[in-house]
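This report concerns only the one structure given below.
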Amino acid sequence: MHNRNRRTDMTLHHPRLQVDPHQPMVVTADRTYTWGQVDDMAAQYRVKFNHLSKQRIGLTFHADGNGLATLSALQALGCNIFLLPLDASDDYLQDVATRFELTAIVKLPLDQSHEPELILTGVDASKSQAESGITILTSGTTGTPKAARHTLESLSKPTRVHESFLQTKWLLCYRPNLYAGLQVILQCLVNGGQLVVPNHGASPEQVAQLSADAGVQYASATPSYWRWLLTFAPKSILSTIPFKQITLGGEIVDQHILSRLDALFPDARLVHIYATTELGRCFSVTDKQAGFPSKFLDKPSPDGVAMKIENGELMVKSANAMLNYDPRCGQKAMQSDWCATGDLVKEENGRCYFMGRRHDMINVGGNKVSPVKVEETMMQLDGIDDIRVYARKSSIMGQLVACDIVAATGFDQAQLRQHLKAHCAEHLNDYETPQLIKFVQTIQTSAAMKKVRH
């Protein structure tokens, strides 16, 4: 029998916090897990997976009670845990296991009704000895993912333990195997909170209904995710969610999405967080304006993060950074304390504005085009719920500017197309103006819910 207010053995939870084991820890559409239940499962899995101690292990991760118990058990066993997508194919898992010399893959069930499955990979355990840690495969939309090594301590460093967060309810929108998802999980759990987790592949209406039913107070997602939710979930359900704080990160946060969120949730605090898998959490902005104040460049933050702009690119030195890259991913470690983020920044009137990723720039006959600038210009018109600007190959110009548009309900697409052409002719150069305009039902995003540019 559980003793009331005993400290759970969950390694993801703040050591000084006393939690009632009967208190809900994870809520899904199908099941609620208490702190005591997750604690008991973690103890069982420590016994079940004891032979994997201090080895390199892959975990297809879902943040239900089963998943958090498994992560806690492997962490307690001193494993180097490689977090993998829940829906990863067998070929992907085999490729990752071979490349990173993983002794085993612990595969979580999709339906929450079964225990994790252990798949031995055939890798010699003597080659798989490793220091304890959590390795995250980066969410880049192009190229081979990098393997960033963290510890639970480095991941937990940006979290805030405060009475205002105690036993609050957090919606998990990010994939839990990525840095942003882990930050939401940790921020919730270190404060003894309740994590609300939509089912894998849940629709916008299902996400909104679960959030309303659970009384979610805090939520963090990419701007693309928020646009998706605001566009396709019924406003009659969204408006009943008692949000205290809405956080955006992972992509550029433009004024349009900030204004939409502020209009629907006027009582919620809006926070824009800038973070990367390698650098950790760097800064946050709470003034409901796009960009960040130039004064952030003047001196390091209390968290030990310093920033500067070189050749139009944001450079960061962070105390929240990863340990290093896993040596088997073939990626060189950062050569200095200052890291080139790849994010282009423009400073104007005491404010710094993100202009997009360096590798996302479109080259039209030698002219560089910022997809972000084009999107922001087009979003000035009414009738657009979402937009994606990207490059298309051209035999004459090298590349052309193309865009996909989700039209708002009730707007005629033919008329909107004509308005867009006239608006672009007035506000953009010819080479910046989209030559291909396509109306779509939804915007193409990556697994991390970021716009795909390539």
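Take the sequence shown: its letters are residues 69 to 522, numbered as in my numbering. Glycine residues also receive a C-beta, built at the ideal position from the N, C-alpha and C atoms. These figures come from a predicted structure and were not determined experimentally.
- Of Q481, G433, I464 and M465, the smallest CA-CA separation from D472 is found for Q481.
- Taking C-beta atoms under 8 Å as the contact rule, A493 and T501 qualify, at a distance of about 7 Å.
- Per DSSP, the unbroken beta strand (DSSP E) holding Y458 starts and ends at I452 to S462.
- Secondary structure of F300 (DSSP, three-state): helix.
- Within the stretch 202-261, the complete beta strand (DSSP E) segments at least 3 residues long are 215-218 and 237-240, listed from N- to C-terminus.
- Looking only at P291, V284 and P439, the smallest Cα-Cα distance to Q313 is reached by V284.
- With respect to the 8 Å criterion, T96 and N245 are not classified as neighbours on the basis of their beta carbons.
- Just measuring C-alpha positions, the residue of K356, L254, P291 and F300 sitting nearest E273 is F300.
- For the 8 Å CB-CB criterion, F422 and V432 do not form a contact.
- If you look at Q481, you'll find it in the alpha helix (DSSP H) that goes Q481 to H495.
- DSSP places P177 outside both helix and strand once states are collapsed to three, so it counts as coil.
- Segment contact: the stretch 506-519 against the stretch 329-348, fewer than three CB-CB distances shorter than 8 Å; contact not assigned.
- Contact between I325 and G424 does not hold, since their C-beta atoms are separated by about 16 Å, which reaches or exceeds 8 Å.
- Just so you know, the alpha carbons of I309 and L332 end up roughly 10 Å apart.
- Secondary-structure assignment with DSSP links A331 through no beta bridge to anything.
- Assignment of beta-bridge partners to R419 by DSSP yields P361 and E416.
- Counting only residues of its own chain and dropping the five nearest sequence neighbours on each side, V106 has a CB closer than 8 Å to the CB of T76, M78, M93, V94, G133, L136, A137 and S140.
- Comparing C-alpha distances from C420 to each of H427, E381 and D428 shows the shortest one belongs to E381.
- Counting of Cβ neighbours within 10 angstroms places P291 among the buried residues, the total reaching 16 or more.
- For the pair S438 and M446, the CB atoms are not nearer than the 8 Å cut-off.
- Per DSSP, reduced to three states, the secondary structure at N267 is coil, with no helix or strand assignment.
- If you draw a 10 Å sphere on the C-beta of Q112, you find fewer than 16 other C-beta atoms in it, and that means exposed.
- Of N417, M390, R396 and V474, the smallest CA-CA separation from R217 is found for M390.
- Within the DSSP secondary-structure output, H340 pairs in a beta bridge with L316 and V353.
- The continuous beta strand (DSSP E) containing R124 extends over residues R124 to F129.
- In the three-state scheme derived from DSSP, where H, G and I count as helix and E and B as strand, N379 is classed as coil.
- A distance below 7 Å between beta-carbons, with the five flanking residues on each side excluded, links L329 to the following residues of its chain, in chain order: W294, I314 and L338.
- Fully enclosed alpha helix (DSSP H) runs of no fewer than 4 residues occupy 103-116 and 133-144 of the stretch 91-158, in order along the chain.
- Classified as buried, Q251 has 16 or more neighbouring CB atoms from the shown chains inside 10 Å of its CB.
- Below 8 Å, too few C-beta pairs join the stretch 458-474 and the stretch 343-359 to call them touching: fewer than three.
- Annotation: V469 to P177 spans about 42 Å, alpha carbon to alpha carbon.
- The beta carbon of K214 is closer than 8 Å to those of L205, T206, G208, T345, E346, Y393, C397 and Q399 in its chain, skipping five residues each way along the sequence.
- Collapsing the DSSP output to three states places L161 in a helix.
- Around the beta carbon of A476, fewer than 16 other beta carbons sit within 10 angstroms, so the residue counts as exposed.
- Classified as buried, H130 has 16 or more neighbouring CB atoms from the shown chains inside 10 Å of its CB.
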